[in-house]
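Worksheet for the structure shown next.
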Amino acid sequence: MSSDGFTSIISMFYAVFHPTEGTKVVCQVPSGSIVPADKSKDSSTLAVPLFDFDSIKNYVIPKPALCNKLVTFKISSYRVVGFPVNIYASHYARNSFSFNLCFVFKYEDDTTPYEGHVKRLGRMFRALEEQSQMLSKADKNHEDFFKPQKELEPKTWSKTSNYIRIIQDEDVGDEVTFSNQNIKHSESSGPILASIESLVQQIYQDLNNYSECLIPIDSANSVDIKLFPILPPPPELNACDVPIATVKLETMVDPLWDPTMVRILPFINGINSIKRISILADADFELTRQCIQHLIHFRSVAVLDVFQFSNCYAPTSQICNFLRDPMMASECQGYVISSTGTFGNLPLQRSQDIGLNQDMENASTHSSLLGNERSQMHDSQHSFSPKTNSYQNLKSIQKTTFVPLPSKATLFYLYRSMNQNLTLRQWHSENSKLLAHIDIRRFVTFGVLRGIIYRVRTYPVSNKTSTSIDFGTIYTNYNDGAHSRKPNYNVSVLPVTKNIRKFSNDFDDDDKLIEAAETNDKFLDLTGLKSERLRQQQEIKLSRLLKKCRDFDTICTEMSLPRKEVVEMLTKMGDWSVISS
Numbered sequence: 001m002s003s004d005g006f007t008s009i010i011s012m013f014y015a016v017f018h019p020t021e022g023t024k025v026v027c028q029v030p031s032g033s034i035v036p037a038d039k040s041k042d043s044s045t046l047a048v049p050l051f052d053f054d055s056i057k058n059y060v061i062p063k064p065a066l067c068n069k070l071v072t073f074k075i076s077s078y079r080v081v082g083f084p085v086n087i088y089a090s091h092y093a094r095n096s097f098s099f100n101l102c103f104v105f106k107y108e109d110d111t112t113p114y115e116g117h118v119k120r121l122g123r124m125f126r127a128l129e130e131q132s133q134m135l136s137k138a139d140k141n142h143e144d145f146f147k148p149q150k151e152l153e154p155k156t157w158s159k160t161s162n163y164i165r166i167i168q169d170e171d172v173g174d175e176v177t178f179s180n181q182n183i184k185h186s187e188s189s190g191p192i193l194a195s196i197e198s199l200v201q202q203i204y205q206d207l208n209n210y211s212e213c214l215i216p217i218d219s220a221n222s223v224d225i226k227l228f229p230i231l232p233p234p235p236e237l238n239a240c241d242v243p244i245a246t247v248k249l250e251t252m253v254d255p256l257w258d259p260t261m262v263r264i265l266p267f268i269n270g271i272n273s274i275k276r277i278s279i280l281a282d283a284d285f286e287l288t289r290q291c292i293q294h295l296i297h298f299r300s301v302a303v304l305d306v307f308q309f310s311n312c313y314a315p316t317s318q319i320c321n322f323l324r325d326p327m328m329a330s331e332c333q334g335y336v337i338s339s340t341g342t343f344g345n346l347p348l349q350r351s352q353d354i355g356l357n358q359d360m361e362n363a364s365t366h367s368s369l370l371g372n373e374r375s376q377m378h379d380s381q382h383s384f385s386p387k388t389n390s391y392q393n394l395k396s397i398q399k400t401t402f403v404p405l406p407s408k409a410t411l412f413y414l415y416r417s418m419n420q421n422l423t424l425r426q427w428h429s430e431n432s433k434l435l436a437h438i439d440i441r442r443f444v445t446f447g448v449l450r451g452i453i454y455r456v457r458t459y460p461v462s463n464k465t466s467t468s469i470d471f472g473t474i475y476t477n478y479n480d481g482a483h484s485r486k487p488n489y490n491v492s493v494l495p496v497t498k499n500i501r502k503f504s505n506d507f508d509d510d511d512k513l514i515e516a517a518e519t520n521d522k523f524l525d526l527t528g529l530k531s532e533r534l535r536q537q538q539e540i541k542l543s544r545l546l547k548k549c550r551d552f553d554t555i556c557t558e559m560s561l562p563r564k565e566v567v568e569m570l571t572k573m574g575d576w577s578v579i580s581s
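Residue numbering for the sequence shown follows full-length UniProt numbering, starting at 1 and increasing by one per position.
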């Protein structure tokens, strides 16, 4: 591993296809790493090559169909990456010249940052060879690569005619045309590479030591390489996703940053969802989501689920790493310890008539879905990822009071005791003594970020909402279990009064008609209609979300309602069930 965190190059070698000897290695770094070398000339020569070159030489210089493409293959425990080049021209001994500059890495290492540069080096050397035969003439016995002058003179075509051959490059779509001018270049004194061995050695050393190189070849060409990490594209984010910083974002703020980015940074604390952040920062939701995607792309932010005590978590197959990696357990101890536990600093009423379950439900609801300013001010000071702030919480506690550090065995037991059928509320009740000095939110955050536990998502499913949207009606479940259909009123077109008159066969009795009219006149309450209309709109929105198979977090965030009210709406709409995944 290099100083910048990139994969180290194990070896580099330059190979050509000799007209009489076949594929051979011209130079290698370190010496003796690919083919045996004379140790008397170089004391650092390896005693045994890394692998058998004869078994891979047909892949180092492959058939023309595989040339001018990036070729990667495995040999033993190593990965060889190269860009074989095949150049057609009549002045070569076999009407072509083939070469390859290969990089050797460990097979399990990530070679993505190098692959683009390997392609670019191959294309650059191909262009230099086409222009001035720089590579072929750099060989000591370069006459072997060219036809004798006697064979070139008796050609039937004149010097004014062009000899054309087109080579397709699938990567860039280039078409290279060769003419009789190439022969003139071969005879002229163009720039000649002094030593390809020194060039390969300098590339090898600079990339391993500095992750970049700037090596001049001649007055017009140079090898310029700088390695950059190839990061995957950011994932699609939902409004209910909760970003948490993995670095100290406030120390990275630049005056030239995007205004929306600067505005949302104070609210990224591992508690607020993306939608909540956009509301608190008074920023557009789409711009907020894009800014957080950029932070995720550069590994400055990770994404969590909304923290609630109704959530369920379960251990993954990677939970064994908690015992195998001693640093992980030590970081967890320093990150989750708390002198007051989970509820010590929450502004909740503590009395005997208020149960612990109600306290936990209120704490999770206010901090994750609706937002509580006082709790946010407290939690924002302790919202950094365990990757960057493992022992900060522990040091601050030691300054004030002595708190027993939870043992690694206790932390492992707590993670292992989670399962798909156990909510955090129930899990806390069963392990309340062990969790006395542990911040549950930090405990869960650490486990999710390290991949030792995962969130069990719950999806509500209802069979009573399929026809309500299509026909503009809402099913209402009454206490007696009967289902009735209510019309979907439009307040803007409803009359203020509604007269219902009963007619009888006795048309002479005017008093009865007037009495019936007065009795059946009903004045509609507009306030009640608007509230009914709002309720129906919420049920329609909930029905559409159910048809899209959204989980509870997404539904609560989209409707801006706590889970308790969503459950009540589902119960009124009819029978429903929950699917966990």
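All C-beta atoms, glycine included, are put in the ideal place defined by N, C-alpha and C. If you're wondering where the values come from, they're calculated on a predicted model, not measured in any experiment.
As DSSP reads the structure, L304 sits in a beta bridge with V242. Partner residues in the beta bridge of N100, as assigned by DSSP, are A15. Counting along the chain, D206 sits inside no beta strand (DSSP E); it lies in the alpha helix (DSSP H) bounded by residues 196 to 210. In the displayed model, T20 falls within coil according to three-state DSSP, outside both helix and strand.
Straight across, the Cα-Cα distance linking K248 with D258 is about 18 Å. Of the candidates D38, V306, K433, V71, V306 places its Cα closest to the Cα of R441.
D144 is classed as exposed because its beta carbon has fewer than 16 other beta carbons within 10 Å across all chains shown. Around the beta carbon of H117, 16 or more other beta carbons lie within 10 angstroms, which makes this residue buried. The C-alpha of S278 is placed about 9 Å away from the C-alpha of E286. Between the alpha carbons of R276 and I264 lies a gap of roughly 10 Å. Within the stretch 50 to 87, the complete beta strand (DSSP E) runs of at least 3 residues fall at 71 to 75, 78 to 82.
Here P460 carries a strand assignment [DSSP, helix/strand/coil]. Bridge pairing for Y454: A314 [DSSP]. For the 7 Å CB-CB criterion, V35 and V25 form a contact.
With respect to K74, Y107 sits close: the two C-beta atoms are nearer than 7 Å. For C291, the three-state secondary structure derived from DSSP is helix.
With 16 or more neighbouring CB atoms inside 10 Å of its own CB, P460 falls in the buried class. Looking from the CA of M261, the closest CA among F6, S40, D282, D218 belongs to D282. In the DSSP assignment, K275 falls outside any beta strand (DSSP E) and within the unbroken alpha helix (DSSP H) covering 274 to 280. Just so you know, the alpha carbons of K63 and L295 end up roughly 45 Å apart.
In this structure, the beta-carbon distance from F6 to S211 falls below 7 Å. Contact between I452 and F322 holds: their C-beta atoms lie close to 6 Å from each other, under 8 Å. The residue among G270, Y88, K57 with its C-alpha nearest the C-alpha of V448 is G270.
A contact between stretches requires three or more CB pairs, one per stretch, nearer than 8 Å, and the stretch 217 to 224 fails this requirement with the stretch 93 to 107. A Cβ-Cβ separation of about 6 Å places K541 in contact with M559 under the 8 Å criterion. Spanning the alpha carbons of E532 and L526 requires a straight line of approximately 10 Å. Rounded to the nearest whole angstrom, the CA to CA distance from S43 to Q28 is 15 Å. Membership of D224 in the beta strand (DSSP E) is indicated by the continuous run 222 to 226. The three-state secondary structure of P235, taken from DSSP, is coil. Remark: C-beta atoms of S580 and Q420 approach each other more closely than 7 Å.
Going by DSSP, I34 is part of no beta strand (DSSP E) at all; its letter is neither H nor E.
Nearest in C-alpha terms to K57, of all of D241, A15, K137, N68, is A15. Membership of I540 in the alpha helix (DSSP H) is indicated by the continuous run 526 to 547. In the three-state DSSP reduction, I264 falls in the helix class (H, G or I). Close CB contacts of P404 within its chain, under the 6 Å cut and outside five residues either way in sequence, are absent.
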